[in-house]
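Engineer: Chains as they are written, first to last, in our numbering: chain A, 8 to 298; chain B, 74 to 593; chain C, -17 to 336. Just so it is clear, CB atoms sit at the ideal spot from N, CA and C, and this is done for glycine as well. These numbers come from a predicted model, not from an experiment.
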């Protein structure tokens, strides 16, 4: 195993990291505004299905991706409505979304089991490498938006202290709705990416587990889009190289590293009582004026 | 003079039937400082929340400069030139000063901070309010945070400023600064509404004053036409805080129940809150502790009742060293605690009867160590309900459905039911109406007669003056002095205490001290 | 939504809760019907089949009960955890921990045969406790959010299972999938009659529900749990130890989930296999079971039966109607969403704000 084949392996692995990153960027926005979305798993699955189906019918992968995004956004609105407007428990509401998303995806997708999308092989723009480029730009833009623009400040305030944001005239509900929606759109696109570009075929459970990784990664990257880049590609590299690393550590155990690292991250945040690099203070708390 | 704000016929009732505002007419003239005076619960904050768009009135109308407006959100209020500095700051701790100040503004979309920081520095210069725009809020002192809140308003070119009890968290020096700044602003055309319950501040700073009581306007006067006694009279009506039967004269009992020696403790932020406190409380006396909120009172109560560990020092109760004991052990020594934070004293979802058992649930007769004895709990509850005249449909109603006053009675009843030798009561009458407050103070007086030692910690000077035998003034975590209530007239004591509450001044000279006489 | 004013009612009657839930359920089934219709299935036929599949024959009822048992065990534990405001999302992982322990006992421990079954339950309980202890400790000591830690531990547990069945505990391969060896016959749980319902875990579940109910409402520990769960400050004030209470609660919750895992392994599968086929989402569904029962352990008996019926109904529609099992997840999710929404109407008072 010379270092060149390692490098090639790492490059190849970035394919999985891309949708992981996209979905994580979305969840970062959602959580930064104070809404924990445990339904990402379902949204990704649903987006994967819709993207695949539309692409199959229309032979247009771009349309497929866009509809995947739209589908993801729309289905996330269920969670948004329940947890923001009705102020329901975000954990339960998120789990409901997961069930709906994975359920519907599996349900509607049955007929297409194993069908490939053959005609995409020649499309240049859709090579994974180009997409990596797009995604990195996206991450940078999202980081910029969150930290260097007026709206970004409003979003962060909503997640830290919604009462303060409200008193400043910010519409807390609107911001949270948008962030959850955007989170859903990005998760949907990530799902579509997997079923259209990464593994152009519909196999049940292709996206399985990605949503939970996203939740882990959001924390591991300290809710920062730039660090999410590192985390996403780091983890995808670990996954794909797990076979080669067999000699040192069993692949199954290696695959649990993101989750272990997340716990360790939270542990350090807690033990160091970090004031800045910690979760948005109002995460998981519904907001009502005057409470 | 133009009436820059006019509120007419404001009515507001909260769920549960609490009348917050009843037919209130209120107006503000341009360039004036108008004080809104009333006790806790009189409806001052509610009225201003309505003006600021946080609440909607059930009835009534608002006029700004003669034009009728509807203010349905803070954003609209801000657009109309109204700004509010709340008692509890609405700042985002994990963000910078500049980010907090421009929060919610339609600033430039990209790089909004560049322009903002410059503008903040200009405002800082102009009004002499020193703060670092790039600093994080959690690093600032309370006074500095208030400056940020004020800058927020100035940044938005507000012309009408509402300040809700702004001085309750400030040092005397900061208070002076605030007042001179307010005068400055009115000269520049702003109008200020100043919510307070402190008579001296009203006399010192306001042009006019409106007194609220129980949601109604009692009077609106020019400040120069009244004085503190007059205001106090209007504010609390014809009742006084003196308990019905008060035995004058020195207590016969001399034994110390509580001894505190050289106590040092930190607050939740890790900053020192108690800086070497020593005092004793005897049997059969009410020992009042008074001071501006945030000067260590909370921490003092917590240390004595075992909720907080001191960093240095000793607490001795009835001869036993209790410094390191946990709350349960201390409670078993018959120490009662009526906490500052009402929510700590009772649990809403369990029944009234179960709340009575909160501290002794693990002891008989309430349980046999493992199983709860419902019957015994209920019986004891019924006794206490009767004795303390608690208004509740039954023993099994959820505690949360009781009114605030009744909940406080439950807490009082529970704590006093053990015939405590020491009672630590922190702001026991806060938020209660006159009847409720009087009841509590009367009960405390009865305990005193029985021989209990009572440590009464309160921010309400009148209350402390009304019942205490000795009064200790705390400021900056230190004792400023202990005064014996009976040695001299109310007037002189009031002055002494006022002095001591303003006792920590950097450059103290005769001139400063004279000004301090009018503080608090 | 500023037009609507939503205020929490001070008291909710059981009647309105039941009514609201019923409405939500009916709406949920309404939407489910839409899905069936989209699949071109005759609605009447579909519901007939489902009802038969869940309750129509004694076998059907037994299948429903079989599915309900792990939900019951986990649900009771979770109802306790939720009452103490400890959000244990990690029942899936605790189930797997129990399964791992049971496998070790059955295949590798060398414990004498007659003691195998009790040992499996003992170690399974313990394993669940240990797995639940980690997030408990992290929360008590360093305020680490338990939602995330319990969630993460699910996947870590799954990874460990995968590791074991592909690695050190690898047995014979069947149809290309990895498994451990099958347990010896003495380590198989006895069923009721010809059904697939292990009577041992059924009894354990019912006993657990009753005991937890007694614990919460009749004992001093239960009193502490109720106080701390709603108002930790008051708990501190009363001298209660938050740590001890949460520890107790998670001891029971983790342990019960571990037992559920043992039940599945020793009763159904008789070997360790792919984690998804063991826990089947029971851990997550149990969250809903407990939540739906408003954290009342006796009500959990009912809600676990309901979801047990949904699961066996899912089997039915897969077999008889050709609709994939996933439909059940979707329907469950939709019903859950509607139930969440119905809470707004039962627990809150809505008025128009002028």
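Which same chain residues end up closer than 6 Å to residue 131 of chain A when comparing Cβ atoms and leaving out the 5 residues on each side of it in sequence?
Structural biologist: Any reading at residue 131 of chain A must be qualified, since the residue scores a pLDDT of 47, below 50, and its modelled position is unreliable; the value itself is stated next. Counting only Cβ-Cβ distances below 6 Å, and skipping sequence neighbours, we find nothing.
Engineer: Count the other CB atoms within 10 Å of the CB of residue 182 of chain B; is the residue buried (16 or more) or exposed (fewer)?
Structural biologist: Residue 182 of chain B should be labelled exposed.
Engineer: Would you be able to state if there are at least three C-beta pairs under 8 Å between the stretch 108 to 119 of chain A and the stretch 50 to 68 of chain A?
Structural biologist: Yes, they touch.
Engineer: Using the rule of at least 16 other Cβ atoms within 10 Å of the residue's Cβ for burial, across every protein chain shown, is residue 58 of chain B buried or exposed?
Structural biologist: In the structure as shown, chain B starts at 74 and stops at 593, and residue 58 of chain B therefore has no counterpart that could be examined.
Engineer: Taking all protein chains shown into account, do 16 or more other C-beta atoms lie within 10 angstroms of the C-beta of residue 428 of chain B, making it buried, or fewer, making it exposed?
Structural biologist: Classification for residue 428 of chain B: buried.
Engineer: So with CB distances below 8 Å, who are the chain B contacts of residue 278 of chain A?
Structural biologist: Correct list: empty, because the minimum Cβ distance to chain B is about 15 Å.
Engineer: Tell me whether the beta-carbon of residue 253 of chain B lies closer than 9 Å to the beta-carbon of residue 108 of chain B.
Structural biologist: No, they are not a contact pair.
Engineer: In chain B, what lies closer than 8 Å to residue 297 of chain C by C-beta?
Structural biologist: The contacting residues do not exist; residue 297 of chain C stays about 40 Å from chain B at best.
Engineer: Counting only beta-carbon separations shorter than 9 Å, does residue 326 of chain C have a partner in chain A?
Structural biologist: Yes, because at least one Cβ of chain A sits closer than 9 Å to the Cβ of residue 326 of chain C.
Engineer: Distance cutoff 9 Å, beta carbons only. Does residue 145 of chain C sit that close to anything in chain A?
Structural biologist: So, interface residue.
Engineer: Residues in the same chain with beta-carbon distance under 7 Å from residue 232 of chain A, minus the five sequence neighbours each way, listed in chain order, please.
Structural biologist: If we look at residue 232 of chain A and ignore the five residues flanking it on each side, its Cβ neighbours are 32, 35, 146, 149, 150 and 153.
Engineer: Scan the stretch 188 to 212 of chain C for residues whose Cβ lies nearer than 7 Å to a Cβ of chain B and list them as they occur along the chain.
Structural biologist: For the stretch 188 to 212 of chain C, which is checked against every Cβ of chain B, the residues closer than 7 Å are 200, 201, 202, 205, 208, 209 and 212.
Engineer: Kindly identify the DSSP beta-bridge partner or partners of residue 555 of chain B.
Structural biologist: BP columns for residue 555 of chain B point to B:545.
Engineer: In chain order, what residues of the same chain lie with their CB nearer than 6 Å to the CB of residue 300 of chain C, ignoring the 5 residues before and after it?
Structural biologist: Counting only Cβ-Cβ distances below 6 Å, and skipping sequence neighbours, we find 307.
Engineer: Might you give, ordered along the chain, the residues of its own chain that have their beta carbon closer than 6 Å to the beta carbon of residue 136 of chain C, omitting 5 neighbours on each side?
Structural biologist: Same-chain partners within the cutoff: 72, 74 and 75.
Engineer: Using the Cβ count rule (16 or more neighbours within 10 Å means buried), how would you classify residue 75 of chain B?
Structural biologist: Counting Cβ neighbours within 10 Å, residue 75 of chain B comes out exposed, since fewer than 16 surround it.
Engineer: Using a beta-carbon distance below 9 Å, is residue 318 of chain C in contact with chain A?
Structural biologist: By this cut-off, residue 318 of chain C is an interface position.
Engineer: Whose CA, out of B:453, B:355, B:301 and B:214, lies closest to the CA of residue 523 of chain B?
Structural biologist: Nearest of B:453, B:355, B:301 and B:214 to residue 523 of chain B, Cα basis: B:355.
Engineer: Taking the Cβ atom as the reference point for each residue, do residue 29 of chain A and residue 244 of chain A lie within a distance shorter than 9 Å?
Structural biologist: Their beta carbons are not under 9 Å apart, which means residue 29 of chain A does not touch residue 244 of chain A by this criterion.
Engineer: Rounded to whole angstroms, what's the CA-CA distance from residue 24 of chain A to residue 217 of chain A? Just pull it up for me.
Structural biologist: So the alpha carbons of these two residues sit roughly 10 Å apart.
Engineer: Measuring only between beta-carbons, confirm whether residue 266 of chain A sits less than 9 Å from chain C.
Structural biologist: Closer than 9 Å to some Cβ of chain C, the Cβ of residue 266 of chain A qualifies, so yes.
Engineer: Taking the alpha carbon of residue 98 of chain C as the point to measure from, which residue in C:244, C:195 and C:138 has its own alpha carbon closest?
Structural biologist: It is C:244 whose Cα lies nearest to the Cα of residue 98 of chain C.
Engineer: Whole angstroms are fine: how far does the CA of residue 421 of chain B sit from the CA of residue 464 of chain B?
Structural biologist: Distance between the alpha carbons of residue 464 of chain B and residue 421 of chain B is about 16 Å.
Engineer: Would you say residue 41 of chain A lies against chain E (beta-carbon separation less than 9 Å)?
Structural biologist: Judged by its chain identifiers, the structure shown contains no chain E, and its protein chains are A, B and C.
Engineer: Note down, in chain order, all residues in the stretch 155 to 169 of chain A with a beta-carbon under 8 Å from any beta-carbon belonging to chain B.
Structural biologist: Under the 8 Å Cβ criterion, the stretch 155 to 169 of chain A contributes 155, 156, 157, 158, 160, 161, 163, 164, 167 and 168.
Engineer: What distance in whole Å lies between the Cβ atoms of residue 221 of chain B and residue 186 of chain B, which are believed to be in contact at a cut-off of 8 Å?
Structural biologist: 15 Å between Cβ atoms; not a contact.
Engineer: Under the rule that 16 or more other beta-carbon atoms within 10 Å means buried, what is residue 95 of chain C, buried or exposed?
Structural biologist: Residue 95 of chain C should be labelled exposed.
Engineer: From the DSSP output, in three-state form, read off residue 417 of chain B for me.
Structural biologist: Helix at residue 417 of chain B.
Engineer: Any beta-carbon of chain C closer than 9 Å to the one on residue 93 of chain A?
Structural biologist: Yes - at least one Cβ of chain C is within 9 Å of the one on residue 93 of chain A.
Engineer: Just the C-alpha distance for residue 350 of chain B and residue 407 of chain B, rounded to the nearest angstrom, thanks.
Structural biologist: Those two C-alpha atoms are separated by around 23 Å.
Engineer: Establish whether the CB of residue 129 of chain A and some CB of chain C are separated by less than 9 Å.
Structural biologist: Caution is warranted here: a pLDDT of 46 is assigned to residue 129 of chain A, below 50, making its placement in the model unreliable, and the coordinate value is therefore given only provisionally. Not an interface residue.
Engineer: Along the chain, where does the alpha helix (DSSP H) that runs through residue 259 of chain C open and close?
Structural biologist: Looking at the DSSP string, the run of the alpha helix (DSSP H) that includes residue 259 of chain C is 257 to 261.
Engineer: Find the nearest neighbour of residue 516 of chain B within the set B:424, B:473 and B:482, judged by alpha-carbon distance.
Structural biologist: Comparing Cα-Cα distances from residue 516 of chain B to each of B:424, B:473 and B:482, the minimum goes to B:482.
Engineer: Is residue 39 of chain A helix, strand or coil when you go by DSSP?
Structural biologist: In the structure shown, residue 39 of chain A sits in a helix (DSSP, three-state: H, G or I).
Engineer: When we look at the beta-carbon of residue 30 of chain C and count the other beta-carbons within 10 Å, is it buried (16 or more) or exposed?
Structural biologist: By the neighbour-count rule (16 or more Cβ atoms within 10 Å), residue 30 of chain C is not buried but exposed.
Engineer: May I ask you to report which of helix, strand or coil DSSP gives residue 165 of chain C?
Structural biologist: Residue 165 of chain C falls in the coil class under three-state DSSP.
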